[in-house]
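Note sheet for the following structure.
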Amino acid sequence: MDCHTFNGLLHEYLDGALDAGVQDAASRHLQQCDACRQAFLREQALANSIRQSLEQATASLSVRPGMRLRVLEALKSKPSPLGAWRAAWQRFVAIRPAGAVAAVMGVVLFLLCIQFYRRSPDHAAHRVVAVSGGSTCIINVPLPAHAHVFRLQDNAVVDTIADESAIADAKLSEGSEQSPAKP
Amino acid sequence: MAAAPRVSAPEKPAPIDLQELIDSHGGRLLRSACLLCGNATEAQDLVQETFVQALKSAHGFRGDSAVYTWLHGILLNLCRRSYRKGRRLVYEEERVLEASVQPSPSEGMDRNFYATRLAAALRALSREHREVIVLRYYENMKIEEIARQTGVSKGTVKSRLHYAVLCLERLIPREMNLFAS
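Sequence order for the protein chains is Z and C.
In terms of the numbering used here, the first sequence opens at residue 1 and continues consecutively.
In terms of the numbering used here, the second sequence opens at residue 184 and continues consecutively.
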């Protein structure tokens, strides 16, 4: 092991978190290398020094009296509805993780179904039929070069998917139906 | 008639005794909170909220870690939330530098003085640097544990630790001999 590698693993070496082989290699390197040994001792001394100073700086602090009662009071206070829902959901996730995954997938599936339904020609047709008062109505649908053509025929709405030429015919016939007959 | 085999009931988690939690972990949590947020009063509030959150989420504690580690994880999240809300006291680096005048000979050897100065320097660090110093040196956590608690990689933890120590080195009076080689 070289010095660069040892320095990169110094903290893990101090933690004893290295694999046995690497830990041994680091120990051997430490015995041979003065610079790395100094770095190791310095880190140990620094850790001890900071720990002692911070413990001393905070030694006078103690939990204020009545902490238990304050905690219990805070627990009794009515949680917000959102917090209650969140807590219930977290409880559900903790108890039934598979159920939680299924619920999330169900919601996603439901939203996807709504999206597909909105884009479907049937959904568009329903919308147009409801507002259309004329005898013929043409609307564009997501299918390329196709459209729905609705005709009023024998008091019933006839729905056909047509290409561009049929749309043009429908428009012509619509025009001829609506315009007064020329003499 | 053969007796039906006895089915042992699943073990219920032991009920949490709040007073016992406070007695055994409250003090250390409070000192850690004070170092993390830099304010003793706010630290008391944070520890109180830590116990509230702990009791609310006690069902989620599966005993994978020590109770103190679990509580400290909650405390760390609360400290971060508090920091984001901007409720913490802001200590400018310059203020600490101004305060780091040469100590008089009488107080030169006073360990309390050094401890206070180090705590003040700690408050001048960024939140990330302060966190790694407290977790590493005060809480004596391993690099891997710090990475897990803070949600960053081990490399990031080591990098933050390196720069945090460099910052402290600039802020601490040389008389403290804290960083002597």
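Ideal Cβ placement from N, Cα and C applies to all residues, glycine included.
**Asked** What residues in the region 5-34 of chain Z bring their beta carbon closer than 7 Å to a beta carbon of chain C?
**Response** His11, Glu12, Asp15 and Ala17
Original post:
Where does Ser309/C sit, in a helix, a strand or coil, going by DSSP?
Top reply: As a working note, residue 309/C is residue 126 in the second sequence. Coil.
| task | Taking 9 Å as the cut-off, decide whether the C-beta atoms of Ala204/Z and Cys3/Z are in contact. | result | Absent from the structure is residue 204/Z, since the part of chain Z shown begins at 1 and ends at 183.
Let me check you understand the geometry: is the CB of Asn7/Z closer than 8 Å to at least one non-hydrogen atom of the ligand ADP? The ligand ADP is absent from the structure shown, which contains no ligand whatsoever.
inquiry  = For the alpha helix (DSSP H) containing Asn260/C, name the first residue and the last one.
reply    = If you number the second sequence from 1, residue 260/C lands on position 77. Val250 to Lys268 is the extent of the alpha helix (DSSP H) around Asn260/C.
Should Leu301/C and Ser53/Z be called a contact, given that it needs their Cβ atoms to be closer than 9 Å? Along the second sequence, read from residue 1 onward, the residue named residue 301/C stands at position 118. Along the first sequence, read from residue 1 onward, the residue named residue 53/Z stands at position 53. Their beta carbons are under 9 Å apart, which means Leu301/C touches Ser53/Z by this criterion.
If the criterion is Cβ atoms closer than 9 Å, does the pair Val348/C and Ile316/C meet it? As a working mapping, residue 348/C is identified with position 165 in the second sequence. As a working mapping, residue 316/C is identified with position 133 in the second sequence. Yes, the pair counts as a contact, with Cβ atoms nearer than the cut-off.
Quiz item: So is Gln44/Z in contact with chain C if we call contact Cβ pairs under 9 Å?
Solution: Position 44 of the first sequence, counting from 1, holds the residue named residue 44/Z. So no, Gln44/Z is outside the interface.
For this session: Give the secondary structure of Cys113/Z by DSSP, where H, G and I count as helix, E and B as strand, and everything else as coil.
Result: The residue labelled residue 113/Z in the question sits at position 113 within the first sequence. Helix at Cys113/Z.
Which of helix, strand or coil does DSSP assign to Arg96/Z? Locating residue 96/Z in the first sequence gives position 96, counting from the first residue. Looking at Arg96/Z - three-state DSSP - the assignment turns out to be coil, as it is neither helix nor strand.
Between which residues of its own chain and Leu383/C is the CB-CB distance below 7 Å, once the five residues before and five after are set aside? Within the shown structure, residues of chain C are numbered from 184 to 364, placing residue 383/C beyond reach of any answer.
- Along chain Z, in chain order, which residues have C-beta atoms closer than 7 Å to that of Lys325/C? Taking the second sequence and counting its residues from 1, one reaches residue 325/C at position 142. Ordered by position in chain Z, the residues that pass the 7 Å Cβ test against Lys325/C are Asp15 and Ala17.
Between which two residues does the alpha helix (DSSP H) carrying Lys239/C extend?
For the purposes of this step, residue 239/C is identified with residue 56 of the second sequence, where counting begins at 1. Lys239/C -> alpha helix (DSSP H) spans Ala223 to Lys239.
**For Ser49/Z, the three-state DSSP class (helix, strand or coil)** = Taking the first sequence and counting its residues from 1, the one referred to as residue 49/Z is at position 49. Three-state DSSP puts Ser49/Z in a helix.
With a threshold of 9 Å between beta-carbons, can Tyr251/C be considered close to chain Z, or not?
For the purposes of this step, residue 251/C is taken as the residue at position 68 of the second sequence. Answer no: the Cβ-Cβ gap between Tyr251/C and chain Z never drops below 9 Å.
Would you call the CB atoms of Leu261/C and Thr58/Z closer than 9 Å?
Residue mapping note: residue 261/C aligns to position 78 of the second sequence, counting from 1. Residue mapping note: residue 58/Z aligns to position 58 of the first sequence, counting from 1. No. Outside cutoff.
- [ ] Could you confirm whether any beta carbon from chain C is found closer than 9 Å to the beta carbon of Gln90/Z?
- [x] As a first step, residue 90/Z is located in the first sequence; it is residue number 90 there, counting from the start. Chain C, which has a Cβ nearer than 9 Å to the Cβ of Gln90/Z, makes this yes.
Can you tell me which of the three DSSP states Lys76/Z falls into?
Start at 1 with the first residue of the first sequence, and residue 76/Z comes out as number 76. In the structure shown, Lys76/Z sits in a helix (DSSP, three-state: H, G or I).
Item checked: For Ala282/C, the three-state DSSP class (helix, strand or coil) -> For the purposes of this step, residue 282/C is identified with residue 99 of the second sequence, where counting begins at 1. With a pLDDT of 41 at Ala282/C, under the threshold of 50, the modelled position of that residue is not reliable, and the figure given next carries that caveat. Correct three-state label for Ala282/C: helix.
> Of the choices Tyr13/Z, Leu69/Z and Cys33/Z, whose alpha-carbon is the least far from that of Gln44/Z?
Replying inline: One-based indexing of the first sequence puts residue 44/Z at position 44. It is Tyr13/Z.
Exercise for review: Would you kindly work out how many angstroms separate the C-alpha atoms of Ala282/C and Arg353/C, rounded to a whole number?
Suggested key: The residue given as residue 282/C occupies position 99 in the second sequence. The residue given as residue 353/C occupies position 170 in the second sequence. Confidence at Ala282/C is low in this model, with a pLDDT of 41, below 50, so its placement is unreliable and the value that follows should be read with caution. Cα-Cα distance, rounded: 13 Å.
Just reading off the alpha helix (DSSP H) that Phe6/Z is part of, what are its end residues?
Counting from one through the first sequence, the residue named residue 6/Z turns up at place 6. Element bounds for Phe6/Z: Cys3 to Gly8.
Can you tell me which of the three DSSP states Glu322/C falls into? Here residue 322/C refers to the residue found at position 139 of the second sequence. Coil at Glu322/C, not helix or strand.
In chain Z, what lies closer than 8 Å to Ala330/C by C-beta?
-> For the purposes of this step, residue 330/C is taken as the residue at position 147 of the second sequence. Chain Z residues near Ala330/C: none, gap ~11 Å exceeds 8 Å.
query: chain C beta carbons: is any one of them nearer than 9 Å to that of Ala47/Z?
result: By one-based count along the first sequence, residue 47/Z stands at place 47. True, the Cβ-Cβ gap to chain C drops below 9 Å.
Compare the C-alpha of Tyr251/C against each of Thr233/C, Gly221/C, Asn222/C and Ala307/C and name the closest. To locate residue 251/C, count along the second sequence from 1; it is residue 68. Of Thr233/C, Gly221/C, Asn222/C and Ala307/C, the residue nearest in Cα terms is Thr233/C.
Q: With a 10 Å radius around its C-beta and 16 neighbouring C-beta atoms as the bar for buried, classify Met324/C as buried or exposed.
A: As a first step, residue 324/C must be located in the second sequence, where it is residue number 141. When all chains shown are included, Met324/C counts as buried.
Return no unless some Cβ of chain C is closer than 9 Å to the Cβ of Met1/Z. Position 1 of the first sequence holds residue 1/Z. So no, Met1/Z is outside the interface.
| DSSP-derived helix/strand/coil call for Gly338/C | For this step, residue 338/C is matched to residue 155 along the second sequence. Residue state, collapsed to three classes: helix.
Against chain Z, with Cβ distances strictly below 9 Å, would Ile257/C count as a contact? As a position in the second sequence, residue 257/C is number 74, starting the count at 1. Chain Z, which has no Cβ nearer than 9 Å to the Cβ of Ile257/C, makes this no.
**Request:** Note down, in chain order, every chain C residue with its Cβ under 8 Å from the Cβ of Ala74/Z.
**Result:** Within the first sequence, numbered from 1, the residue matching residue 74/Z stands at position 74. Correct list: Gln231, Glu232 and Val235.
How many angstroms separate the CA atom of Leu351/C from the CA atom of Phe110/Z? Indexing the second sequence from 1 puts residue 351/C at position 168. Indexing the first sequence from 1 puts residue 110/Z at position 110. Those two C-alpha atoms are separated by around 55 Å.
Does the beta carbon of Val71/Z sit closer than 9 Å to a beta carbon anywhere in chain C? Numbered from 1 along the first sequence, position 71 holds the residue referred to as residue 71/Z. For Val71/Z, the answer is yes, since a Cβ of chain C falls inside 9 Å of its Cβ.
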